[in-house]
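Undergrad: Position 89, counted from 1, in the sequence shown is what the UniProt record's numbering calls 89; the numbers after and before it change by one each time, with no gaps. My questions will all concern the structure given below.
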Amino acid sequence: MLDREGFRPNVGIILLNHKNQVFWGKRIRTHSWQFPQGGIKHGETPEQAMYRELHEEIGLRPEHVRIIARTRDWLRYEVPEHYIRREARGHYRGQKQIWFLLQLVGRDSDMNLRATDHPEFDAWRWNDYWVPLDVVIEFKRDVYQMALTELARYLPRINPHNRYLRSGMRPHHREDHPREEARTPRGAVTHAGSPAQPEAALDAATPRAPQVEEP
1 MLDREGFRPN VGIILLNHKN QVFWGKRIRT HSWQFPQGGI KHGETPEQAM
51 YRELHEEIGL RPEHVRIIAR TRDWLRYEVP EHYIRREARG HYRGQKQIWF
101 LLQLVGRDSD MNLRATDHPE FDAWRWNDYW VPLDVVIEFK RDVYQMALTE
151 LARYLPRINP HNRYLRSGMR PHHREDHPRE EARTPRGAVT HAGSPAQPEA
201 ALDAATPRAP QVEEP
């Protein structure tokens, strides 16, 4: 479903944990990492499409998240012609997206990259909110920058006391072990549930290779 200008309606999802880190998914069988996103079907609202994509791509249900904010208007990016399927060239230009900022209120274990028969990701990790844009495929960088910038004003305030309660630590432990948090990897979790890869290995796999864009 394309608009008159050749853009496909789409939703993008920025999912936060309680530390305001963002979910970063590795596209299946590639070294490309990105935020969840997907097309809006005929008759769907952007919010309905967001919940559907959230479940299809990472297995979460509406009760696992809360909506914090969304972008006011469509954010557009054009796809270079060599990424577009031949039969779509000439009328498909790219994506126009509504971006949602969500907070995970469930647990990491609620995520399931194999929720459908056609998984999009085969690994995931939490990353700092301002993901370095050089790891994003070039033609999407401006949209990522615009979405992150517009939604940053709505980031929840982090309560350090709540963070200790979630981790099972008492606040004074931070003084006793000032590097405790640094030793805890942001990590990645594969769909098979294997141990997280070292952060250095993940950084080495951070997207440099382009991904094919489906119209």
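Idealized CB from N, CA, C, for every residue including glycine. Since we're looking at a predicted model, the values are computed, not measured.
Put Gln34 into one of helix, strand or coil per three-state DSSP.
TA: Of the three classes helix, strand and coil, the one that applies to Gln34 here is strand, per DSSP.
Undergrad: Can you confirm whether the segment 20-31 touches the segment 75-94 when touching is taken to mean that 3 or more C-beta pairs between the two stretches lie within less than 8 Å?
TA: Short answer: they don't touch.
Undergrad: For Val65, which residues of its own chain have a beta-carbon under 8 Å away from its beta-carbon, when the five flanking residues on both sides are left out?
TA: Same-chain partners within the cutoff: Leu15, Leu54, Leu102, Gln103, Leu104, Val105, Gly106.
Undergrad: Helix, strand or coil: how does DSSP classify Val135 here?
TA: The answer is helix: DSSP assigns Val135 an H, G or I state.
Undergrad: Please name the residue, chosen from Gly38, Asn20, Met146, Phe23, that lies closest to Val11 on a Cα-to-Cα basis.
TA: It is Gly38.
Undergrad: Flag this pair as yes or no: are the beta carbons of Tyr77 and Val143 separated by less than 8 Å?
TA: Contact flag set, yes.
Undergrad: Classify Ser109: buried if its beta carbon has 16 or more other beta carbons within 10 angstroms, exposed otherwise.
TA: Flag for Ser109 reads exposed.
Undergrad: Please name the residue, chosen from Thr149, Glu5, Lys140, Pro156, that lies closest to residue 216 on a Cα-to-Cα basis.
TA: Any answer about residue 216 is impossible in this case: the structure gives the chain only from 1 up to 215.
Undergrad: Check the DSSP bridge columns for Ala69 and list the partner residues they point to.
TA: Answer is Leu101, bridged to Ala69.
Undergrad: Looking at the secondary structure, which residues open and close the beta strand (DSSP E) in which Arg143 lies?
TA: Looking at the sequence shown, residue 143 is not Arg but Val. Where Val143 is concerned, there is no enclosing beta strand (DSSP E), although the alpha helix (DSSP H) it sits in stretches over 141-152.
Undergrad: Hey, how far is the Cα of Arg8 from the Cα of Met146?
TA: Distance between the alpha carbons of Arg8 and Met146: 18 Å.
Undergrad: To which residues does DSSP link Gly12 through a beta bridge?
TA: Answer is Gln37, Trp99.
Undergrad: Smallest Cα separation from Phe121: which of Ile98, Arg157, Arg70, Ser32?
TA: Cα-wise, what sits closest to Phe121 is Ser32.
Undergrad: On the DSSP letters alone, give me the boundaries of the beta strand (DSSP E) that Tyr77 sits inside.
TA: Taken as a continuous stretch (DSSP letters only), the beta strand (DSSP E) holding Tyr77 covers 75-78.
Undergrad: Do you know offhand how far His118's Cα is from Met50's?
TA: Between His118 and Met50, the C-alpha separation is close to 17 Å.
Undergrad: Closer than 8 Å by C-beta to Asn20: which residues in its own chain qualify, once you throw out the five before and the five after it? Chain order, please.
TA: Around Asn20: Tyr129, Leu155, Pro156, Ile158.
Undergrad: On a Cα-Cα basis, can you pick out the residue from Gly90, Ala69, Arg61 that is closest to Val79?
TA: Checked all of Gly90, Ala69, Arg61; the closest Cα to Val79 is Gly90.
Undergrad: For Leu133, which residues of its own chain have a beta-carbon under 8 Å away from its beta-carbon, when the five flanking residues on both sides are left out?
TA: Answer for Leu133: Arg141, Tyr144, Gln145, listed in chain order.
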